[in-house]
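Undergrad: Numbering of the sequence shown is given in the numbering used here, commencing with residue 355 and proceeding in unit increments. All C-beta atoms in this analysis are idealised placements derived from N, C-alpha and C, irrespective of residue type, glycine included. It should be emphasised that the depicted structure is a prediction, and the values quoted were computed from it without experimental measurement.
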Amino acid sequence: MAADVLQLFAYLLTNVSDYKTALRLPCYSCMSPYLEDHYPYLSHLYRKPLSFDAHCDRSNLDRSYLFVKNCSDMCVTLRINDIVGGRRRYGYVRGCLSDIHGYNHSLIRALADNTGCLGE
355 MAADVLQLFA
365 YLLTNVSDYK
375 TALRLPCYSC
385 MSPYLEDHYP
395 YLSHLYRKPL
405 SFDAHCDRSN
415 LDRSYLFVKN
425 CSDMCVTLRI
435 NDIVGGRRRY
445 GYVRGCLSDI
455 HGYNHSLIRA
465 LADNTGCLGE
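#1: For a test of the three-state rule: what should DSSP assign to aspartate 411, helix, strand or coil?
#2: Quick one: complete beta strand (DSSP E) runs, 3+ long, within the region 389 to 468?
#3: Mapping the DSSP letters down to three states, classify proline 387 as helix, strand or coil.
#4: Within a Cβ cutoff of 6 Å, which residues of the same chain sit near arginine 441, ignoring the five residues on either side of it in sequence?
#5: Whose C-beta lies closer than 7 Å to the C-beta of aspartate 407 among residues of the same chain, with five residues either side of it excluded?
#6: Alpha carbon to alpha carbon, how far is histidine 409 from isoleucine 434? Give it in angstroms, no decimals.
#7: Name the residue from Asp391, Ser452, His392 whose alpha carbon lies nearest to the alpha carbon of asparagine 424.
#8: So tyrosine 395 and lysine 402 are in contact, right, with Cβ under 8 Å, and what is the actual spacing, rounded?
#9: How long is the line joining the alpha carbons of asparagine 458 and arginine 378, rounded to whole angstroms?
#10: By alpha-carbon positions, which one of Glu390, Pro380, Ser397 ends up nearest to glycine 456?
#11: Going by C-alpha distance, which of Leu404, Ala464, Val438 is nearest glycine 449?
In structure tokens form, the structure reads like this:
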């Protein structure tokens with residue numbers, strides 16, 4: 355009987371005690387591959403993602419190709435309009451809001467209270 359109670363307690367301790375990760379949001383963490391060469395110049399703006407992958411540029415994202423990390427705030431996707439070598443390119447940065455260095459906390463709180471599209 356005591357062994358059964360001990361096993362149950364050990365199970366609950368290992369599987370339920372990590373409640374902080376249960377409150378986190380899984381978000382993709384990636385950047386467009388061409389941004390990897392430019393990352394030293396971008397590092398003061400964004401944290402380094404888990405991958406620089408062409409799958410990050412797609413609209414249909416797949417967990418089997420991209421890494422996911424737990425975020426405590428919200429997931430963001432930034433589309434960067436660049437001109438590289440005289441050609442227009444669209445780069446993507448995906449990750450947590452907290453991966454953007456120096457984002458405005460009060461603006462984000464105000465946006466979180468807003469319902470509907472931001473363009474309205």
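TA: This is what the structure gives:
#1: helix
#2: 422 to 425, 429 to 438, 441 to 450
#3: The answer is coil: DSSP assigns proline 387 none of H, G, I, E or B.
#4: none
#5: Cys384, Pro387, Tyr419, Leu420
#6: 16 Å
#7: When only C-alpha atoms are compared, the closest one is Ser452.
#8: With a Cβ gap of about 13 Å, tyrosine 395 and lysine 402 do not count as contacting.
#9: 20 Å
#10: Nearest to glycine 456 by alpha-carbon distance, out of Glu390, Pro380, Ser397, is Ser397.
#11: The candidate whose alpha carbon is nearest that of glycine 449 is Leu404.
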